[in-house]
Every structure is written in C-alpha cells, then in structure tokens.
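Written out below as structure tokens is the structure these notes cover.
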Amino acid sequence: MPLFRSKAEQKVIDAGYDPARLPPGQYLTEKWPVLHAGEVPDVDLATWDFKVKGEVEEPLRLTLDELKQLPQTEVTIDIHCVTRWSRFDTSFTGVHWRDLAELVKPKPGARYVLAHAEQGFTSNVPLAALDDENALVAWAAGGEELTPEHGWPLRLVVPSKYFWKSAKWLRALELRTTDQPGFWERYGYHNEADYRKEERYGF
Ligand SMILES: Nc1nc2c(c(=O)[nH]1)N[C@H]1C(S)=C(S)[C@@H](COP(=O)(O)O)O[C@H]1N2
Ligand SMILES: [Mo]
706 MPLFRSKAEQ KVIDAGYDPA RLPPGQYLTE KWPVLHAGEV PDVDLATWDF
756 KVKGEVEEPL RLTLDELKQL PQTEVTIDIH CVTRWSRFDT SFTGVHWRDL
806 AELVKPKPGA RYVLAHAEQG FTSNVPLAAL DDENALVAWA AGGEELTPEH
856 GWPLRLVVPS KYFWKSAKWL RALELRTTDQ PGFWERYGYH NEADYRKEER
906 YGF
C-alpha cells in the first residue's frame with residue numbers, strides 16, 4: 706500500500722475500482738463530457754457514406770446500413786481525455802478494423818491511418834493502433850445509437866490513445882505509407898498520445 710493516495714486515486718477506490726486503472730494525471734468522472742472543436746454537424750444519411758481509401762487493394766464505400774451488415778463487435782473500454790477526465794467501462798458497438806481490413810486488403814506499405822471526419826477534422830494513428838483488440842468504427846455506445854454530440858452516426862474508437870484520436874462524425878479512414886498530423890496534433894497535441902506515458906502535448 707502506498708503511504709499517500711491522491712484525491713483522484715481515492716475517488717477511484719471509493720467508486721469500487723482498482724486505482725491502477727487510472728492513468729497518471731487523470732481523474733474519474735461518472736458523466737460523459739462532450740468535447741470537440743466547432744459545431745455538431747448536420748448529417749444527412751441520404752448522402753452520408755463511409756470510405757476506406759488510400760493504400761488499399763480494394764477501396765470501400767459503404768452506407769450506414771451496409772456497414773451495419775458487417776460482422777459486429779462490442780467492446781468495453783476506458784476513455785481518457787487529455788483534459789484529464791477518465792470514464793471507465795464505456796461500451797461501444799461497431800465494426801472492428803480487422804473486419805474492414807479483410808474487405809479492403811491493406812497494401813504492404815500501409816503503416817499509418819488518417820481518419821477524416823465532417824468539417825475537415827482529422828486525426829492520425831499508426832495502423833497498429835487499429836489492429837488493437839478493442840479498436841472500432843462505432844455507431845452505438847452503451848447499447849444505444851450514438852447521440853449527435855458523441856459522433857452520430859459513426860465515430861472512431863481507439864482505446865490505446867487519448868480520446869482526441871477517436872474522431873467523431875467519421876467519414877473515412879485513409880491508409881498511408883507516411884504519417885500526417887491530424888487536427889489536434891497540428892494544434893500542438895502529442896503525435897503518439899499514449900495516456901500511460903502522459904503524452905499530452907508535443908512541446
Ligand atoms: N470530429 C471531431 N472528433 C473529435 C473531436 C473534434 O474536435 N472533432 N475532438 C476529440 C476530443 S479532443 C475528444 S476528448 C473526444 C471527445 O468525445 P466525446 O465528446 O464523445 O466525449 O472526441 C474527439 N473527437
Ligand atoms: Mo480531448
């Protein structure tokens with residue numbers, strides 16, 4: 706037993722969780738805060754599509770209904786926002802990258818992914834982060850369709866990174882041979898965003 710528990714750790718213990726689950730510098734919240742730049746976009750499903758493009762043998766374009774026909778995966782993950790709140794046990798339902806990869810067949814040189822969302826928002830991750838057991842493109846959270854604020858109709862979920870990498874209002878995954886910083890990364894956020902290492906800001 707450590708001699709000293711921070712208030713943040715004590716709150717995790719009081720809530721009945723192992724304090725080791727809380728990454729450094731984070732505190733537990735029971736709520737699910739909403740965070741993004743700009744406005745919640747108006748999305749019209751009649752024209753909406755989701756694409757996987759770039760370094761793939763078979764580029765993919767799907768409607769939401771078509772996406773929901775693919776094998777579904779449900780995962781329960783902890784969310785860690787760079788602004789220091791963490792939310793435990795959020796479940797997401799969607800399609801795992803491995804099931805999309807089977808369809809698009811990534812080219813051997815594909816190493817990075819640039820996620821494209823509405824209004825030009827982007828976020829970048831190594832392709833390996835999408836191979837993670839719990840990474841999804843998700844349309845539901847907590848068993849309910851995503852709300853507009855949380856990214857309806859589709860968001861990325863990358864559980865190994867701070868939550869800013871998990872682009873809401875996702876429209877495309879672009880596979881690339883080279884990395885390219887996304888929206889928050891250009892703004893000064895850390896390119897890697899590993900919350901276990903507190904990779905918050907790039908400077
Ligand atoms: N399209 C888009 N996705 C985004 C953002 C954004 O500004 N635009 N912000 C990111 C940030 S900083 C966080 S912390 C999470 C917040 O997701 P939530 O609002 O569902 O909690 O969304 C991420 N995805
Ligand atoms: Mo964030």
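Using the numbering used here, read the sequence shown as starting at 706 and increasing by one per residue. In this text, a Cβ means the ideal position worked out from N, Cα and C, and glycines have one as well. Note that this is a predicted model, so its numbers are computed, not measured.
Distance cut-off 8 angstroms: residue i Cβ against heavy atoms of ligand 1
i: Ile784; result: yes
i: His911; result: Residue numbering for the chain in the displayed model covers 706 to 908; residue 911 lies beyond these limits and cannot be assessed.
i: Gly743; result: yes
i: Val739; result: yes
Nearest candidate by alpha-carbon position, reference residue i, set the options
i: Lys736; options: His801, Asp794, Glu850; result: Asp794
i: Pro738; options: Arg792, Leu859, Leu875, Thr827; result: Arg792
i: Tyr900; options: Thr778, Thr788, Arg710; result: Thr788
i: Thr798; options: Gly743, Ala742, Leu851; result: Leu851
Three-way DSSP call (helix, strand, coil) for residue i in this model
i: Val863; result: coil
i: Pro813; result: coil
i: Pro724; result: helix
i: Ala898; result: coil
i: Gly799; result: strand
8 angstroms Cβ shell around residue i - same chain, five flanking residues per side excluded
i: Glu763; result: Leu808, Val809, Lys810
i: Arg881; result: Gly759, Glu760, Ala815, Arg816, Tyr817, Val818, Leu819
Cβ-based neighbour list, residue i, same chain, cut-off 6 angstroms, excluding 5 preceding and 5 following
i: Trp889; result: Trp869
i: Ser828; result: Ala820, Lys870, Ala872, Gly887
Closer than 8 angstroms: residue i CB and nearest ligand 2 heavy atom
i: Leu861; result: no
i: Phe826; result: no
Cβ-based neighbour list, residue i, same chain, cut-off 7 angstroms, excluding 5 preceding and 5 following
i: Ser871; result: Arg860, Leu861, Val862, Val863
What runs of the beta strand (DSSP E), each 3 residues or longer, lie entirely inside the segment 737-782?
Whole beta strand (DSSP E) segments, 3+ residues: 755-759, 765-767.
Can you list the alpha helix (DSSP H) stretches of 4 or more residues lying completely in the segment 840-884, in chain order?
None, since the segment 840-884 contains no complete alpha helix (DSSP H) of that length.
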